[in-house]
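Participant: Chains as they are written, first to last, in this note's numbering: chain R, 37 to 268; chain H, 37 to 268. Here a beta-carbon is modelled for each residue, glycine too, at the ideal position from N, C-alpha and C.
Protein chains: 2
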Amino acid sequence: MTLKLVELCGVDPEVNFSPFCWRIRMALAHKGLDYERVPWRYNEAEAIKAYGASKVPVLLDGEKAVNDSWKIAVYLDEKFPDRAPLLGSEGALGIARLVNNWADVTLVLPMLSMIAADVVGHLGPEDAAYFRKTREGFLGRTFEEARDRRDLDVLTFRKTTLLPLRLTLKSQAYVGGSKPNYGDYILFALFQWCRTVSPFKLLAPDDPIYTWRASLMDAFDGLARKAAGFEV
Amino acid sequence: MTLKLVELCGVDPEVNFSPFCWRIRMALAHKGLDYERVPWRYNEAEAIKAYGASKVPVLLDGEKAVNDSWKIAVYLDEKFPDRAPLLGSEGALGIARLVNNWADVTLVLPMLSMIAADVVGHLGPEDAAYFRKTREGFLGRTFEEARDRRDLDVLTFRKTTLLPLRLTLKSQAYVGGSKPNYGDYILFALFQWCRTVSPFKLLAPDDPIYTWRASLMDAFDGLARKAAGFEV
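(1) Under three-state DSSP, which class holds residue 48 of chain R?
(2) I'd like to know whether the C-beta atoms of residue 273 of chain H and residue 57 of chain H end up nearer to each other than 8 Å.
(3) Excluding five sequence neighbours on each side, which residues of the same chain lie with their C-beta closer than 6 Å to the C-beta of residue 210 of chain R?
(4) Using CA coordinates, which residue listed in H:55, H:245 and H:160 is at the minimum distance from residue 193 of chain H?
(5) Nearest CA to the CA of residue 159 of chain H: which residue from H:39, H:50 and H:37?
(6) In angstroms with no decimal places, state the Cα-to-Cα distance between residue 139 of chain R and residue 121 of chain H.
(7) As an exercise, report each continuous beta strand (DSSP E) stretch of at least 3 residues that is fully enclosed by the region 53–106 of chain H, in chain order.
(8) Residue 74 of chain R and residue 95 of chain R: beta carbons closer than 8 Å?
(9) For residue 212 of chain R, which residues in chain H fall below 8 Å Cβ to Cβ?
(10) So, for residue 228 of chain R: in the same chain, excluding its five sequence neighbours on each side, which residues have a beta-carbon less than 6 Å away from its beta-carbon?
(11) For the alpha helix (DSSP H) containing residue 137 of chain H, name the first residue and the last one.
(12) Please identify, using Cβ separations under 8 Å, the residues of the region 192–213 of chain R that lie next to chain H, in order along the chain.
(13) I want to verify the contact list: residues of chain H whose CB lies under 7 Å from the CB of residue 176 of chain R, in sequence order.
(14) Contact check, residue 110 of chain H vs residue 54 of chain H under 8 Å by CB: the rounded distance?
(15) If you count every other CB in all the chains shown that lies within 10 Å of the CB of residue 149 of chain H, and 16 or more means buried, which is it?
(16) Give the range of the alpha helix (DSSP H) segment to which residue 206 of chain H is assigned.
(17) Closer than 8 Å between beta carbons: that is the criterion. Which residues of the region 90–123 of chain R meet it against chain A?
(18) Under the rule that 16 or more other beta-carbon atoms within 10 Å means buried, what is residue 19 of chain R, buried or exposed?
(19) Is there a Cβ of chain H sitting closer than 8 Å to that of residue 141 of chain R, yes or no?
(20) Going by alpha carbons, who is nearest to residue 155 of chain R out of R:133, R:256 and R:183?
(21) Please tell me whether residue 218 of chain H and residue 65 of chain H are closer than 8 Å, where the distance is taken between their beta carbons.
(22) Measuring only between beta-carbons, confirm whether residue 135 of chain H sits less than 8 Å from chain R.
(23) Can you look up residue 42 of chain R in the DSSP assignment and give me helix, strand or coil?
(24) At a CB distance below 8 Å, what residues from the region 217–233 of chain R approach chain H? Give them in sequence order.
(25) Against chain H, with Cβ distances strictly below 8 Å, would residue 138 of chain R count as a contact?
(26) Does the beta-carbon distance from residue 207 of chain H to residue 185 of chain R come in below 8 Å?
(27) Where do the N-terminal and C-terminal ends of the alpha helix (DSSP H) with residue 185 of chain R fall, by residue?
(28) Would you kindly report the start and end of the unbroken alpha helix (DSSP H) that includes residue 144 of chain R?
(29) List the DSSP bridge partners of residue 213 of chain R.
(30) What are the boundary residues of the alpha helix (DSSP H) that residue 174 of chain H is part of?
(31) What's the call for residue 98 of chain H, buried or exposed, on a 16-neighbour Cβ count within 10 Å?
(32) Skipping 5 residues on each side, what residues in its chain have a beta carbon closer than 7 Å to that of residue 38 of chain H?
(33) Got a sec? Which residues, its chain only, sit under 7 Å from residue 199 of chain H by beta carbon, not counting five neighbours each side?
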């Protein structure tokens with residue numbers, strides 16, 4: 037039975053601008069699993085209700101539906117233990133959950149602020165209105181206000197917000213050590229999300245994070261690099 | 037050959053107020069290793085110079101000296117693979133390094149700010165002067181100014197700075213999952229450091245982090261709870 041991944045997209049189904057879906061696309065590639073992509077848009081709430089989901093990604097494995105990127109990653113390691121492990125031990129899984137929470141709490145909002153204005157043009161009118169209403173609420177400002185300050189915001193983002201990741205990548209090639217694991221995909225997916233919709237340069241080329249991102253864009257035969265997106 | 041741990045202390049050698057040393061005390065206990073504690077104070081730079089160290093902890097294993105808490109933790113797992121693993125796999129080690137950097141970059145400074153004024157009374161005059169001069173430089177304010185604002189600072193610290201840890205401990209008992217690993221000790225050591233010297237309450241009793249801290253204070257026959265310190 038082929039796995040299916042219900043994935044957020046814009047008007048163009050190839051514009052996949054969800055960091056949470058990108059975590060799972062990288063995870064599925066890491067495990068060498070084939071899957072069918074099912075495009076989903078914000079206005080299609082009904083289509084995933086039957087899976088107990090109000091958001092994507094949703095992974096469909098025959099009769100089983102798993103939603104929430106973290107739960108899907110855990111499921112993939114449990115269901116396919118003979119494939120390359122995403123985390124591989126309870127201890128690694130435990131610590132990765134902290135990294136997942138750190139990313140979601142600390143990185144997502146400043147990144148959204150810098151690219152939100154660029155998302156709108158990829159969406160149909162109904163999705164654009166929904167996206168603007170909900171996300172401007174999270175940000176506490178309009179997308180245009182957010183865009184106007186992003187040249188300044190990115191300096192703090194690089195220097196302070198990303199510092200723990202930068203220090204890590206100064207001493208090892210990947211979050212996972214000498215090769216990537218799900219700890220990498222948790223964070224890489226955020227950068228991939230941004231470049232899908234925005235030409236804004238979140239990273240300077242002399243940043244070890246830039247080099248790491250480039251390497252993960254090339255992984256799995258260039259899965260992320262070949263996907264719709266901007267050169268950043 | 038008995039291991040030796042060179043450890044920061046106050047006038048009273050039982051006042052061990054270094055988060056980095058506490059990481060290693062918990063790590064040594066986790067691995068069930070005996071060791072001799074060697075007290076060290078800031079004004080004893082000469083005593084550790086021969087080990088290539090300017091700071092503690094320094095672990096002495098016969099002729100070998102290892103300094104820097106992260107390197108010591110890695111060394112312990114490599115040197116004693118038959119003992120309970122602190123991390124146990126390259127993937128776990130890799131991700132833990134990110135947590136270590138997150139803790140050092142994001143948590144240490146706000147915690148220092150809240151407890152620094154309480155450290156001074158535990159130090160001899162020379163160490164107190166050194167500590168004040170260097171740490172007030174890091175903080176950008178005097179210890180007294182820092183103490184005066186800590187009742188407000190702690191609210192942001194709890195709500196925002198600790199949120200990734202809190203979310204993690206809402207879904208699992210320890211950073212390591214169902215049992216503690218070095219990911220826990222990285223963070224627990226910061227709280228233990230503070231309670232060694234300060235009665236200031238960093239955590240509210242209804243916080244999952246409070247429960248987790250209490251559980252780790254009880255670990256290893258109450259190693260941390262029995263150590264010199266305040267009820268917090």
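Facilitator: In this structure, then:
(1) As a first step, residue 48 of chain R is located in the first sequence; it is residue number 12 there, counting from the start. It is coil, neither helix nor strand.
(2) With chain H represented from 37 up to 268, any question about residue 273 of chain H goes unanswered, as that position is not in the structure.
(3) Numbered from its first residue, the first sequence carries residue 210 of chain R at position 174. These residues qualify, in order along the chain: 216 and 220.
(4) Here the question's residue 193 of chain H lines up with position 157 in the second sequence. Out of H:55, H:245 and H:160, H:245 has the C-alpha closest to the C-alpha of residue 193 of chain H.
(5) As a working note, residue 159 of chain H is residue 123 in the second sequence. Of the listed residues, the one whose Cα sits closest to residue 159 of chain H is H:50.
(6) What you label residue 139 of chain R is simply residue 103 of the first sequence in a count that begins at 1. What you label residue 121 of chain H is simply residue 85 of the second sequence in a count that begins at 1. Cα to Cα, the separation comes out at about 26 Å.
(7) 71–76, 94–97 and 100–103
(8) Residue mapping note: residue 74 of chain R aligns to position 38 of the first sequence, counting from 1. Residue mapping note: residue 95 of chain R aligns to position 59 of the first sequence, counting from 1. In this structure, residue 95 of chain R does not lie closer than 8 Å to residue 74 of chain R by Cβ.
(9) One-based indexing of the first sequence puts residue 212 of chain R at position 176. Per Cβ cutoff of 8 Å: 126, 127, 130 and 131.
(10) For the purposes of this step, residue 228 of chain R is taken as the residue at position 192 of the first sequence. Once the five neighbours on either side are set aside, the close Cβ partners of residue 228 of chain R are 58 and 260.
(11) Taking the second sequence and counting its residues from 1, one reaches residue 137 of chain H at position 101. Taken as a continuous stretch (DSSP letters only), the alpha helix (DSSP H) holding residue 137 of chain H covers 126–138.
(12) 199, 200, 201, 203, 204, 207, 208, 210, 211, 212 and 213
(13) Against the first sequence, residue 176 of chain R aligns to sequence position 140. Residues of chain H passing the Cβ test: none, with the nearest at roughly 15 Å.
(14) The residue labelled residue 110 of chain H in the question sits at position 74 within the second sequence. The residue labelled residue 54 of chain H in the question sits at position 18 within the second sequence. Residue 110 of chain H to residue 54 of chain H, Cβ: 19 Å. No contact.
(15) In the second sequence, counting from the first residue as 1, residue 149 of chain H sits at position 113. Label assigned to residue 149 of chain H: buried.
(16) Here the question's residue 206 of chain H lines up with position 170 in the second sequence. Here the alpha helix (DSSP H) through residue 206 of chain H covers 199–207.
(17) Absent here is chain A; the protein component of the structure consists of chains R and H.
(18) Because chain R is modelled from 37 through 268, residue 19 of chain R falls outside the range shown and cannot be assessed.
(19) As a position in the first sequence, residue 141 of chain R is number 105, starting the count at 1. Yes - at least one Cβ of chain H is within 8 Å of the one on residue 141 of chain R.
(20) Here the question's residue 155 of chain R lines up with position 119 in the first sequence. Considering only alpha carbons, the answer is R:183.
(21) Taking the second sequence and counting its residues from 1, one reaches residue 218 of chain H at position 182. Taking the second sequence and counting its residues from 1, one reaches residue 65 of chain H at position 29. For residue 218 of chain H and residue 65 of chain H, no; Cβs fall outside 8 Å.
(22) As a position in the second sequence, residue 135 of chain H is number 99, starting the count at 1. Judged by the 8 Å Cβ criterion, residue 135 of chain H is in contact with chain R.
(23) Counted from its first residue, the first sequence places residue 42 of chain R at position 6. In this structure, residue 42 of chain R counts as strand in the three-state DSSP scheme.
(24) 217 and 219
(25) Locating residue 138 of chain R in the first sequence gives position 102, where the first residue counts as 1. For residue 138 of chain R, the answer is yes, since a Cβ of chain H falls inside 8 Å of its Cβ.
(26) Against the second sequence, residue 207 of chain H aligns to sequence position 171. Against the first sequence, residue 185 of chain R aligns to sequence position 149. Taking 8 Å as the Cβ cut-off, residue 207 of chain H and residue 185 of chain R do not qualify as a contacting pair.
(27) In the first sequence, the residue the question calls residue 185 of chain R occupies position 149. Careful: residue 185 of chain R lies outside any alpha helix (DSSP H) and carries neither H nor E.
(28) Sequence index remark: in the first sequence, residue 144 of chain R carries index 108 (1-based). First-last of the alpha helix (DSSP H) with residue 144 of chain R: 144–155.
(29) By one-based count along the first sequence, residue 213 of chain R stands at place 177. Residue 213 of chain R pairs with R:210.
(30) Locating residue 174 of chain H in the second sequence gives position 138, where the first residue counts as 1. Note, residue 174 of chain H: alpha helix (DSSP H), 161–175.
(31) For this step, residue 98 of chain H is matched to residue 62 along the second sequence. Its Cβ having fewer than 16 others within 10 Å, residue 98 of chain H is exposed.
(32) On the second sequence, residue 38 of chain H is found 2 positions in, with the first residue counted as 1. Same-chain partners within the cutoff: 70, 71 and 72.
(33) As a working mapping, residue 199 of chain H is identified with position 163 in the second sequence. Nothing meets the Cβ criterion.
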